[in-house]
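First to last, the sequence lines map onto chains Y and Z.
Going by my numbering, the letters in the first sequence line up with residues 25 to 821, in that order.
Going by my numbering, the letters in the second sequence line up with residues 1079 to 1234, in that order.
For every residue, glycine included, the Cβ atom is placed at its ideal position computed from N, Cα and C.
Keep in mind that this is a model prediction, so the values were computed, not measured.
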Amino acid sequence: MKLDSVSLRHGAAPATRSVGERTPLVDGIDKVTGRARYTADLPCTQPLVGRILRSSLAHGVIHGIDTDAALAIPGVRAVVTGQDFAGPYGVIPIAQNEWPLARDKVRYRGEPLVAVAAVDEAAAEAALKAVRLDIKPLPAYFSAAESRAEGAVQLHESKPGNVERKVEQDFGDVDAGLAAADLVLERRFDCNEVYHGQIELNATIAQWESEKERLTVHSVTQVPYYLHLMLAQTLGLDEAQIRVVKPFLGGGFGHRVEPLNFEMITALLARAAGGTVKLELTREEVFLTHRGRPATEVRLKLGMKNSGELTAVDAEVVQRGGAYAGYGLVTILYSGALLHALYQLGASRYRGYRAYTNLPPCGAMRGHGAVQVRFAFESMLDEMAVMLGLDAFAVRRANLITPIPHRTLNDLQVNSYGLPACLDAVERASGWHERRGRLPSAPGRRRGLGMACSHYVSGSAKPVHWTGEPHAVINLKLDFDGGITVLTGASDIGQGSTTLITQVVAEVLLLPMSRIRLVATDSALTPKDNGSYSSRVSFMVGNAALRAAEGLKRLLTEAAARRLQVSPEEIEWAGESCGVIGTDQVLDWAQVVQEALVDSGTLTVKGSWSTPPETQGGKFRGAAVGSTAGFSYAAQVVEVEVDEDTGQVKVEQVWVAHDCGKAINPLAVEGQVQGAVWMGMGQALSEETQYVDGLPLRANLIDYRMPTIVESPPIEVIIVESNDPLGPFGAKEASEGALHGFPPALAAAIHDAVGLRIPVMPLTPDRLLEALHLRQRELKQQARRAAASKPTTPEVT
Amino acid sequence: MSKRLLTLTVNDRVHELAVKDNALLIDVLRDALGLTGTKQGCDGGECGACTVLINDQPRLACITLAAGVEGAKVETIEQLSAHGRMSRLQRMFHEKLGTQCGFCTPGMVMAAEALLRRVADPSPAQIREALSGNLCRCTGYVKIIESVQAAAGAQA
């Protein structure tokens, strides 16, 4: 193991390789020992307690909020409302229509209205009870159909019909494509709203230094710099007055890619109280903060030739977005954009509608925007394959993209494409041809196999907040102690980015990873990073780290050459040592560092990276969404057992192949792919938020059914390496792309087992049982009808 | 709410603390003793992140009254590396990537520790049963099972 094999005090040591090695997390020991400090764990001397009062109405006009009695309660140090904020916020610069505390109107049950800071919980709770609200109710809408109906009251003044964004995208001649098809099929799919469910509760600690007028915020964010911007905007501060730190983070999955209301509320409370405020949300409040994957209706029409080749795609998607814009317009654009770049398409038509409703706002969640449409698309490929008598793998192979590089109809750039290898791998590993149709079945328990493909971006090629800066910047510091410090704004949210960046730097310099320390996500120290979203970190920050390390290596090689009085080209670099090629002249690491610091002192080197223009999408409206420097690809086979008496589906095993370009850390790639597939399983089988009149029914981790270890299957991961030309060492993303394939592969496996297609997620036992019963009734009716219409046998005389 | 003087034995150290009758063990561990390795991930008894050992049995500190464990042996995640070295189980969670974001990990490790004290070489089914009250949102549990198996195999 690398872990404890390295001694730093030695002479000419061999070069150490890091990329491609199964590498435990560099911060893993902190996690398994309980030493890792998450936001709520940070030492903090007698902070004030923050609490939020939330709306019990789903929609209403705020006529007045009286906080005088609350402020008068002993121990209460601050009471704030929406009127105390300087501006609205939102993750998309052109769609900022949310205030951290509601102003003028409330738009969902649970929306924050008032916040207090007090010396203890009792005083804070008493203050919330003492607030007097005067809110006049308005009609509220809990489905896209209701809010889009004629005559519905508008949630937002600028959005008639309660449509946040309508997308119309047409590529090629869809009608001609459908006319040329041998089989045209149209289906509708109903997909659940799901929630991230990271285990860490939300928490923020904000400290206001009155004398210096400075704000320090420690928070649970995936994108610290954007929180930084929104703190400045909502509090009316200069950005230079603010420091944002992200400590250890207990999962993200998209919940924390947007700046969230409680973070800005805590900061405002700290300033109002002139001190330090700690605000921890309950699990119920985390559900209300939401930003999950929206409930989605998909209508999909596909044209296919007898060969399995797709001729045209016609898709309509309606998303129930919740009360505010959030990431909504990006989500609805992703749903259209990522119809492409998995297969070669003849023509496509996309109509997308993002509706406002009086529910907690949806946002980005792992697999952003593409999970629901992929469920529909792959489910239909499976159905059409059966109708045409084709194998499920054969249908996918009939639509592979060729040649590579390829530019899709909607101007996405595909530079590497491991899907064919993924298909081969899972076909073989699952024993598809040998086992399909021959699985053992007990009475009432039927087994089936299903498969599906999927893909995802390795970072959005254009960031949501476009400034012209590079996509990623890394700073390296090398000092007298011979240690290298990596300074990065990249958020490790559990995916292992801190480890990956360390590996990349170590690999370039051929040094042991123990030479390298990494300091991340403190705006006072680390360079800005666009954050952990759209699986951008490995690709973009990895590339910046690679370039920074190359820069440092150049400086060190030059220093060694100077010391040995040769030219840099004559130096052979071996990490802990280097020497002159073909001689026995050798310098050890300490000597090289010493020479490099002469006259210059501490070395600091910067590396940066940006996506090439050709990967940034086309020129049409919304073209940037879906564009990426590298698509990942995945194929998976799911084996299920369906209990026909209970409707219970048990996933027996999953085989998944993921094209991550190059596995910089194969151990972490496996972990990420397993986590993604498993999250797809939760969405497909059991997870669903549910509301009654806007009140969430399942705002806890018992009723919101994430799979436990008991129902979680073995997931065999096969890594496919297509060596992307732009990725660092050829690497692409590994954390999201395998998620999308699970739901349709599961649906196909259920069909294989019991012959039913249920175009709904999640496929809970009650839904499956109802479908099984319905079919039984239909079969009986058919039998009765057949019996009735049978000609009577003439009597024998 | 009245307070009482409580003598708690946590990680082999005896503490005398004045706590409210209704104080929860998790709050005493985290706030009074600074043992922040024990995590709160829910509103009470949902997720298992706060699992600690009471007389070798896994218990949820977020729904356990501190007053109720007086005289018992309380162990938290910090105890497993109390002597400066990770336990075998912790090492396996680290090396086999049984942890990603790490937030459920202390509870998961303590639940697994309780199992291994009871069953030296558990089957996958026994591991699943023992950890069924501990939610993880990152790993899909595959590498958690491998971690526990690897630790058990070496002990057997």
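- Contact with chain Z is found for Q519/Y, since one of that chain's Cβ atoms lies less than 8 Å from the residue's Cβ.
- In the displayed model, L209/Y falls within a strand according to three-state DSSP.
- Using a CB distance below 7 Å, no part of the region 656-688 of chain Y faces chain Z.
- Among the residues facing chain Z, V784/Y is not included, as its CB has no counterpart in that chain under 8 Å away.
- According to DSSP, residue pairing for N499/Y in a beta bridge involves L511/Y and K630/Y.
- Counting only unbroken stretches of 3 or more residues, the beta strand (DSSP E) elements lying wholly within the region 251-300 of chain Y are 266-269, in sequence order.
- Collapsing the DSSP output to three states places H682/Y in a strand.
- In the DSSP assignment, Q396/Y falls within the alpha helix (DSSP H) that extends over V395 to L412.
- If you check each beta-carbon in the region 1125-1144 of chain Z against every beta-carbon of chain Y, the ones closer than 8 Å belong to C1125 and A1127.
- Annotated three-state conformation of C1140/Z is helix, per DSSP.
- Nearest Cα to N285/Y within the set D608/Y, E263/Y and Q257/Y: Q257/Y.
- Apart from the 5 residues on each side of it in sequence, N1100/Z sits with its Cβ closer than 8 Å to the Cβ of M1079 and L1143 in its chain, given in chain order.
- Listed by position along chain Z, the residues whose Cβ is nearer than 9 Å to that of A692/Y are L1175 and Q1178.
- The DSSP assignment places 198-203 as complete runs of the alpha helix (DSSP H) inside the region 182-209 of chain Y, in order along the chain (cut-off: 4 residues).
- Under the DSSP assignment, V604/Y falls in the beta strand (DSSP E) whose first and last residues are S601 to V604.
- Cβ neighbours of V419/Y within its own chain (closer than 6 Å, five residues either side excluded): G332, L405 and A409.
- Judged by DSSP in its simplified three-state form, A227/Y adopts strand.
- Within chain Z, the residues whose beta carbon sits less than 7 Å from that of L273/Y are C1179, listed in sequence order.
- Leaving aside the five residues that flank A296/Y on each side, the residues in its chain whose CB is nearer than 6 Å to its CB run, in chain order, A102 and V104.
- The alpha-carbon separation between V354/Y and L588/Y amounts to approximately 56 Å.
- Between the alpha carbons of A37/Y and S538/Y lies a distance of about 14 Å.
- In the displayed model, H479/Y falls within a strand according to three-state DSSP.
- Listed in chain order, the positions of the region 376-393 of chain Y with a beta carbon within less than 8 Å of a beta carbon of chain Z would be empty, since no residue qualifies.
- The alpha carbon of P67/Y has as its nearest neighbour, out of A230/Y, L324/Y and V322/Y, the alpha carbon of A230/Y.
- A direct Cα-Cα distance of roughly 32 Å separates E233/Y from R315/Y.
- Boundaries for Y358/Y: no beta strand (DSSP E) harbours it, while the alpha helix (DSSP H) harbouring it runs G352 to A361, taken from the DSSP string.
- Runs of beta strand (DSSP E) with 3 or more residues, each lying fully within the region 500-569 of chain Y, are found at 508-512 and 540-544, listed in chain order.
- For the region 717-729 of chain Y, the beta-carbon criterion of a distance under 7 Å to any beta-carbon of chain Z is satisfied by N724, L725 and I726.
- Counting along the chain, the unbroken alpha helix (DSSP H) around D92/Y starts and ends at D92 to L95.
- One thing to note: E665/Y has its Cβ within 8 Å of the Cβ of K674/Y.
- By the 16-neighbour rule on beta-carbons within 10 angstroms, A139/Y is buried.
- Q527/Y is the residue among H392/Y, T228/Y, Q527/Y and F277/Y whose C-alpha sits nearest the C-alpha of E45/Y.
- Taking a beta-carbon distance threshold of 8 Å, I1155/Z counts as an interface residue toward chain Y.
- The beta carbon of V481/Y sits closer than 6 Å to those of S558 and T652, all from its chain and outside the five residues before and after it, given in chain order.
- Along the region 57-83 of chain Y, the positions whose C-beta sits under 9 Å from a C-beta of chain Z are T57, G58, R59, A60, R61, Y62, A64, D65, L66 and P67, read in chain order.
- Residues of chain Y whose Cβ lies closer than 9 Å to the Cβ of S1159/Z are, in chain order, I53, V56, T57, G58 and R59.
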